[in-house]
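Written below as structure tokens is the structure these notes are about.
Numbering (full-length UniProt numbering), first residue to last: 1 to 276.
Put into structure tokens, the structure is as follows:
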């Protein structure tokens, strides 16, 4: 069988649907950051074990879960509360977990991102591979936001998808969330530039996750970063095919990038004790 890990903070609007999609597991764990709504109550009603820890950053939070939560099973699938595990993905996870000869210690999975009632395949940058299925003692996470996994062993790729409903709590919640994300992203941008992480050859890496990380590092160095992000998603990734939903989504992503740019400037000016 498979253990499930869900990270939550005030997710009463999302958590029930997420929990129902993983109800086939006999070990559902919710790591909650002291929600003030009914998240914990709903999780317990669905039979989940609830742990609580004050949130500091994504990597530290996920690493704490791997190191401190006594999962019942060798394999753990991590989900955000605004995500749904499809029946096909659930069957695939259980099949791999039941195979003692699987060659990998972790697996990446694609997702379908939904916005304004439709799958935004192009504007959402599909396919994006994220590591979600793993043996906890074989994986650690880095970065303050959008954590990057460090895997002690080989990793594979799953055939099926999970579904992502990132706007289900409304636009106010999305802006609040990404306002917080943008500060972590700004700090990562400054750190990347100071450490000179980017390597041109990484853009030609054989695996998609490595190429995506390289593109992210490159984006830190681009002038007019928000405009570049919009043009990349809307034109190069064919976001216009997704219609109005695709256009609005690309605009939202570029707004987030602009928030990051402003906060990079804020941090640099504060370091020099200059006024904003």
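Beta carbons are placed, not taken as given, at the ideal position from N, Cα and C, and that holds for glycine.
- In the structure shown, the three-state DSSP call for residue 61 is helix.
- By the CB criterion at 8 Å, residue 106 and residue 155 fall inside the cutoff.
- Annotation for residue 142: 59, 148 and 150 place their beta carbon closer than 7 Å to its own, counting only its chain and skipping 5 residues before and after.
- Between residue 257 and residue 211, the C-beta gap is not smaller than 8 Å, which leaves the two residues out of contact.
- Our two residues, residue 242 and residue 252, have alpha carbons roughly 14 Å apart in a direct line.
- Excluding its 5 nearest sequence neighbours in each direction, residue 249 has C-beta neighbours in its own chain below 6 Å: 115, 120 and 123, listed in chain order.
- Only residues of its own chain outside the window of five on either side were considered, and among them 250 and 254 have a CB closer than 6 Å to the CB of residue 230, listed in chain order.
- The beta-carbon separation of residue 69 and residue 39, rounded to 17 Å, does not stay under the 8 Å limit for a contact.
- Looking at the DSSP output, residue 121 shares a beta bridge with no other residue.
- As computed with DSSP, residue 56 is found in no beta bridge at all.
- Between the alpha carbons of residue 18 and residue 264 lies a gap of roughly 35 Å.
- Listed as beta-bridge partners of residue 91 by DSSP are no residues whatsoever.
- Annotation: residue 171 to residue 77 spans about 28 Å, alpha carbon to alpha carbon.
- By the CB criterion at 8 Å, residue 108 and residue 157 fall inside the cutoff.
- Burial check for residue 131: the Cβ neighbour count within 10 Å reaches 16 or more, so the residue is buried.
- Under DSSP, residue 3 takes part in a beta bridge, and its partners are 76.
- In the displayed model, residue 25 falls within coil according to three-state DSSP, outside both helix and strand.
- In the three-state reduction of the DSSP assignment, residue 155 falls in the strand class.
- Pairing residue 164 with residue 244 gives a Cβ-Cβ distance that is not under 8 Å.
- If you draw a straight line from the Cα of residue 173 to the Cα of residue 166, it comes to about 10 Å.
- In this structure, the alpha-carbon of residue 145 lies about 33 Å from that of residue 99.
- Taking C-beta atoms as the reference points, residue 183 and residue 97 fail to come closer than 8 Å.
- Rounded to the nearest angstrom, the Cβ distance from residue 26 to residue 71 is 11 Å, too far for a contact under 8 Å.
- Residue 160 is a Cβ neighbour of residue 86, given a cutoff of 8 Å.
- Taking each of 54, 29 and 34 in turn and checking the Cα distance to residue 48, the smallest one comes out for 29.
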